[in-house]
Structures are given as C-alpha cells and as structure tokens.
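For reference, the structure is listed below as structure tokens.
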Amino acid sequence: PLHPGSVVADQLNYRKQREKQKQAAALKMHNAPTSSTGEDDTSYWSEVSYHTPETRIELANRSKRTKGKGGEEEKKPTKRQVILFKEDGRPNNVNEAKIPFSFEEDDERNCFVLTLGIYKHLDSALLDVDVQPTYVTVRIKG
C-alpha cells in the first residue's frame, strides 16, 4: 500500500512523468525539420521548452550548429602589428602598457634622465632595459 505523500509514490509519479517527457522529446525530434533556416531558428528559439536532459542536449546541439554556420564569417581580430622603427630608421615611441614616463636632459650632469612610473611591487628582475645611442627599449615582463 502506497501512501499518497510517500517517497516511493513520488518516485513512481516522477518516473511516469519522465517517460512522458522522453516520449514527447522523441516525437519532437522525429518531427523536427532537418535543415534549419533563419525562419525555423526564430520559431525554434521562441517556443516554450521543458527543462529535461533531452531538451538541453537538443539546445546545445542546435547552438553548435548555428555557431558552426556563423563561425566561418566571424574572424578573430588580428593582433595589431607594432612597428618599432620608421622606414628611415628612426625609432617610434611605443608605450603599449601606457606607463607614465618622462625623458629629460640634465644640463648639470650632462646626461639624459628617463623616469618610468613602473608598478609598485615589480621585481627589478622583470625589467629588460636596452640603452642604445639613439633610443632606449624597456620591456616589462610579467
């Protein structure tokens, strides 16, 4: 004798409900059009669906097919080509990290002073400085 609120009765009711959902999903899959056009997609995505494993699998497959069609059109943006030197050999000012800096001439000591506003806790081992007669290259790693 099953009591109406017992766990076993609820399990049997759920099993019957799942069988009905599986049959409805199989019928829907059987009647679904094989080719999807834009009009079919609009009606498909606007219809109400149950939260069943079969429905979620179908949603994932439909989404993959839709992305597969549009994936050829969508190109990943290409990385910007950094040009370090102009055609005549002069260096360009490239500051991709947007680090504040100042480059000044010190007349008293007869030298140039480059001041970089680097990150507070940056280890000096992560700085790669290359000083040339006409330009300075500073690479901050990490």
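Residue 41 is where the sequence shown starts when you use our numbering, and the numbers rise one by one after that. Glycine included, each C-beta is placed from N, C-alpha and C at the ideal position.
If distances are taken between C-alpha atoms only, which option among the options comes closest to residue i?
i, options, result
"residue 89", "121, 62, 104", "62"
"residue 86", "92, 99, 94", "99"
"residue 137", "180, 170, 118, 147", "180"
"residue 121", "67, 129, 134", "134"
"residue 139", "157, 44, 171, 94", "157"
"residue 106", "84, 56, 45", "84"
"residue 174", "152, 115, 46, 161", "152"
Could you tell me the distance, in whole angstroms, from the CA atom of residue i to the CA atom of residue j?
i, j, result
"residue 82", "residue 69", "17 Å"
"residue 142", "residue 132", "16 Å"
"residue 171", "residue 177", "6 Å"
"residue 46", "residue 54", "12 Å"
Using C-beta distances below 7 Å, list every residue in its chain close to residue i, excluding the 5 sequence neighbours before and after it, in chain order.
i, result
"residue 166", "180, 181, 182"
"residue 125", "131, 132"
Would you list the residues sitting across from residue i in a DSSP beta bridge?
i, result
"residue 179", "168"
"residue 153", "144"
"residue 131", "125"
Leaving out five residues before and five after residue i in sequence, what residues of the same chain have Cβ atoms less than 6 Å from its Cβ?
i, result
"residue 168", "179"
Near residue i, which residues of its chain fall below 8 Å by C-beta distance, leaving aside the five closest residues on each side in sequence?
i, result
"residue 48", "42"
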